[in-house]
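**Student:** So in the working numbering, the last spot in the sequence shown is 497, and the numbers never skip.
For each residue, glycine too, the CB sits at the ideal point set by N, CA and C.
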Amino acid sequence: MHSPKVIIIGAGVAGLSLAIMLAEQNIDCQVLEARERFDGPTSGVRVSAEGVAILNLIKLTPVGEATKRVDMRFGCLSASFSAREIAPSAIIVTRLALHEKLMKRAQSLGIPVTTGFKVASLTERDGGVEVTSHSRETVTGTLLVGADGVGSTVRQFLNPGQSPTKTYAGYLGVGLITRDDANVEMTLYHYPGQQVGIASCGKAHETATKPSVFLWTHIPMSEAEAGLVTRAGVEAELARRAERWSPELRSKFGQFTKDADAILAYGPVYNGTPPVRWFSDRIILCGDAAHPYGPGGQGISMALKDARALCDVIAHGFTENNKEGFQRTRGQEARIFGEAAEKRNARTAPPTQWGVFIEGIVMKASEIITRGKLML
Ligand SMILES: Cc1cc2nc3c(=O)[nH]c(=O)nc-3n(C[C@H](O)[C@H](O)[C@H](O)COP(=O)(O)OP(=O)(O)OC[C@H]3O[C@@H](n4cnc5c(N)ncnc54)[C@H](O)[C@@H]3O)c2cc1C
122 MHSPKVIIIG
132 AGVAGLSLAI
142 MLAEQNIDCQ
152 VLEARERFDG
162 PTSGVRVSAE
172 GVAILNLIKL
182 TPVGEATKRV
192 DMRFGCLSAS
202 FSAREIAPSA
212 IIVTRLALHE
222 KLMKRAQSLG
232 IPVTTGFKVA
242 SLTERDGGVE
252 VTSHSRETVT
262 GTLLVGADGV
272 GSTVRQFLNP
282 GQSPTKTYAG
292 YLGVGLITRD
302 DANVEMTLYH
312 YPGQQVGIAS
322 CGKAHETATK
332 PSVFLWTHIP
342 MSEAEAGLVT
352 RAGVEAELAR
362 RAERWSPELR
372 SKFGQFTKDA
382 DAILAYGPVY
392 NGTPPVRWFS
402 DRIILCGDAA
412 HPYGPGGQGI
422 SMALKDARAL
432 CDVIAHGFTE
442 NNKEGFQRTR
452 GQEARIFGEA
462 AEKRNARTAP
472 PTQWGVFIEG
482 IVMKASEIIT
492 RGKLML
């Protein structure tokens, strides 16, 4: 059999890491991406240790800032947990910095990445697949991977008539990034009705001269409100919330407000349920397109692990058995992580100071019982 030409839809973590892994096995592939450019407001993300191990395998490190501990603050109470893993450590990194590394590696391997190609329709034939963009360009190949994220077009193609799998999670995700030399370990602050995280995230992008710090929070609101919210509205809400923050966190927030180059990223957050069909004869899903879960600190590692498993399927035989095995094993893991993330994200912060205090006592007790060890 001739080596397949694999068309990958989507230049996110799933699509680019898969392309890199395929190219490393001398399998021809082309990435088609809807976006014209990748710059603009970026946000920070945490990549778990398992994900970092795969980034190491595809020669993408160092990137971001290693995080070995999570500190939790509940007013006057605090608890601290460290990772069980010896190496590598989980990292906090900006999406842009990670993306730049992936693109650079893809370029060095000669992988064609076509931007501004928004896939509108697909045709699957005996001999291969044909993809057509909204501007009517076509690309053909032997196999196709849908790595086109939470609102996947490829998923819809494989599951016609299935009701949408994307559901609003109930809040706006907000991230702030500013330059900061200080080494800030990941710290989660709990206040009545709100939680705020902060951590160093390394350089926000390749040309940045200084490392950065990333601050994130969730603002509950309706989907309609989240769709209409403005930058000024988000800034005003953050300033209002900051009045209740501790002096150390307020002073970090003050840094954001003074930095003209600080980045504010915000948007409605969506969750979803995996579709019934992940594959057909020549098409298969990967990453959020296959298991559309929202933030849970695992989505990027899941995308990297999917890519590694799918690269094996493509390299060793795109058979029904192998595809079924891929859907079964990756689906199981996605379900476990997804359900845990949904529980965590649905849990609202305690509404009162007493609620925060009690949560602090519970976390302090678990710090003592576990001797401060946590699976990160
Ligand atoms: C607010 C928020 C915070 C998060 N925080 C974390 C975190 O801290 N840690 C973590 O591990 N995960 C986190 N996640 C989840 C993580 O971002 C995703 O799981 C991960 O990015 C999935 O990667 P992907 O490549 O599958 O999809 P994506 O990154 O969404 O990439 C899909 C790509 O496909 C392109 N595309 C879409 N449609 C088309 C089309 N029709 N034609 C061509 N191209 C198309 C898109 O432009 C995009 O580039 C977070 C998610 C959210 C929403």
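(1) Give the secondary structure of methionine 342 by DSSP, where H, G and I count as helix, E and B as strand, and everything else as coil.
(2) Taking the alpha-carbon positions, what's the valine 184 to leucine 359 distance?
(3) Taking three-plus beta-carbon pairs below 8 Å as touching, is the region 362-378 in contact with the region 427-440?
(4) Quick one: measure Cβ to Cβ for alanine 241 and glycine 133, integer angstroms, because I've assumed they're closer than 8 Å.
(5) Over what stretch of residues does the beta strand (DSSP E) that includes arginine 257 continue unbroken?
(6) Going by CA-CA distance only, name the one from Ala144, Leu137, Asn392 and Asp160 that's closest to glycine 291.
(7) Pick from Lys494, Met484 and Val152: whose alpha carbon is nearest that of cysteine 197?
(8) Report yes if the CB atom of lysine 324 is closer than 8 Å to the CB atom of alanine 218, and no otherwise.
(9) Hey, would you say the C-beta of serine 333 is under 7 Å away from at least one heavy atom of ligand 1?
(10) Looking only at its own chain, which residues have a Cβ that is under 7 Å from the Cβ of lysine 373, when we skip the five neighbours before and after it?
(11) From this set, Glu145, Trp475, Ala140 and Phe439, which residue's C-alpha is nearest histidine 311's C-alpha?
(12) By the three-class DSSP mapping on this structure, what secondary structure does aspartate 149 have?
(13) Measure the Cβ-Cβ separation of alanine 462 and glutamine 419 and say whether it is below 8 Å.
(14) Measuring only the C-alpha atoms, how far is asparagine 147 from valine 350?
(15) Nearest to valine 266 by alpha carbon, out of Lys126, His339, His437 and Val477?
(16) Specify, as a first and last residue, the run of the beta strand (DSSP E) that glutamate 245 falls within.
(17) If we count Cβ pairs, one from each stretch, closer than 8 Å, do we get three or more for the region 340-356 versus the region 296-307?
(18) Given 8 Å as the limit, is there contact between the region 254-262 and the region 229-240, that is, 3 or more CB pairs closer than that?
(19) Is any heavy atom of ligand 1 found at a distance shorter than 7 Å from the C-beta of threonine 188?
(20) In angstroms, rounded to a whole number, what distance separates the CA positions of leucine 497 and methionine 193?
(21) How long is the line joining the alpha carbons of isoleucine 128 and glutamate 245, rounded to whole angstroms?
(22) If you follow the alpha helix (DSSP H) that glutamate 171 is part of, which residue opens it and which one closes it?
(23) Taking the Cβ atom as the reference point for each residue, do methionine 224 and valine 214 lie within a distance shorter than 8 Å?
(24) List the whole-angstrom C-beta distance separating isoleucine 141 from isoleucine 175, where the pair is believed to meet the contact cut-off of C-beta under 8 Å.
(25) Can you round the beta-carbon distance between alanine 347 and proline 389 to whole angstroms, since I take them to be within the 8 Å contact cut?
(26) Once the 5 residues before and after valine 477 are set aside, which same chain residues still bring their CB inside 7 Å of it?
(27) For arginine 371, collect the residues of the same chain with a Cβ closer than 6 Å to its Cβ; drop the 5 residues on either side in sequence, then sort them by chain order.
(28) Closest to isoleucine 435 by CA distance: which of Gln453, Ile405 and Met423 is it?
(29) Where glycine 375 and alanine 187 are concerned, what is the direct C-alpha to C-alpha distance, given to the nearest angstrom?
(30) For lysine 144, collect the residues of the same chain with a Cβ closer than 8 Å to its Cβ; drop the 5 residues on either side in sequence, then sort them by chain order.
(31) Flag glutamate 251 as yes when its Cβ comes closer than 7 Å to any non-hydrogen atom of ligand 1, and as no otherwise.
(32) Would you identify the three-state DSSP class for alanine 290, choosing helix, strand or coil?
(33) In chain order, what residues of the same chain have a beta carbon less than 8 Å from the beta carbon of methionine 122, not counting five sequence neighbours either side?
(34) Around the Cβ of serine 422, are there at least 16 other Cβ atoms within 10 angstroms (buried) or fewer (exposed)?
(35) Should isoleucine 404 be counted as a contact of ligand 1 given a C-beta to heavy atom distance under 7 Å?
**Tutor:** According to the data block:
(1) It is coil, neither helix nor strand.
(2) In a straight line, the C-alpha of valine 184 is about 29 Å away from that of leucine 359.
(3) Result no; under three Cβ-Cβ pairs closer than 8 Å.
(4) Not a contact, Cβ separation roughly 19 Å.
(5) No beta strand (DSSP E) holds arginine 257; DSSP gives it neither H nor E.
(6) Closest option to glycine 291, Cα to Cα, is Asn392.
(7) For cysteine 197, the nearest C-alpha among the options comes from Met484.
(8) The answer is yes: Cβ separation under 8 Å.
(9) In terms of side-chain proximity, the C-beta atom of serine 333 is found no nearer than 7 Å to any non-hydrogen atom of ligand 1.
(10) Closer than 7 Å at the Cβ level, and outside the excluded window around lysine 373, lie Ile319, Val334 and Leu336.
(11) Checking every option, the nearest Cα to that of histidine 311 belongs to Trp475.
(12) Residue state, collapsed to three classes: strand.
(13) Against a cut-off of 8 Å, the Cβ pair of glutamine 419 and alanine 462 comes out as a contact.
(14) In this structure, the CA atom of asparagine 147 is about 46 Å from the CA atom of valine 350.
(15) Comparing Cα positions, the closest option is Lys126.
(16) 240-245 is the extent of the beta strand (DSSP E) around glutamate 245.
(17) Inter-segment contact for the region 340-356 and the region 296-307 is absent: fewer than three beta-carbon pairs are separated by less than 8 Å.
(18) Taking 8 Å as the limit for Cβ pairs, the verdict is that the region 229-240 does touch the region 254-262.
(19) No - ligand 1 has no heavy atom lying nearer than 7 Å to the Cβ of threonine 188.
(20) Summary for leucine 497: the model assigns pLDDT 49, below 50, so the residue's position carries little reliability, and this model does not support an answer.
(21) C-alpha separation (whole angstroms): 12 Å.
(22) Residues 170-178.
(23) Taking 8 Å as the cut-off, the beta carbon of methionine 224 is found no closer than this to the beta carbon of valine 214.
(24) No, isoleucine 141 and isoleucine 175 are not in contact; Cβ-Cβ is about 10 Å, not under 8 Å.
(25) Their Cβ separation, rounded to whole angstroms, is 4 Å, which keeps alanine 347 and proline 389 in contact under 8 Å.
(26) These residues qualify, in order along the chain: Phe195, Gly196, His311, Tyr312, Pro313 and Pro471.
(27) The answer, listed in chain order, is Ala363.
(28) Distance check between isoleucine 435 and each of Gln453, Ile405 and Met423 places Ile405 closest, using alpha-carbon atoms only.
(29) Looking at the two C-alpha atoms, the distance is approximately 25 Å.
(30) Position check: residue 144 holds alanine in this sequence, whereas lysine was assumed. Excluding sequence positions up to five before and after alanine 144, its CB lies within less than 8 Å of the CB of Cys150, Ala227, Leu230, Gly231 and Ile232, all in the same chain and listed in chain order.
(31) Answer for glutamate 251: no, Cβ out of range of ligand 1.
(32) If DSSP states are grouped into helix, strand and coil, alanine 290 belongs with the strands.
(33) Confidence at methionine 122 is low in this model, with a pLDDT of 42, below 50, so its placement is unreliable and no value can be given for it.
(34) By the 10 Å Cβ count, serine 422 comes out buried.
(35) Closer than 7 Å to some heavy atom of ligand 1: that does not describe the Cβ of isoleucine 404.
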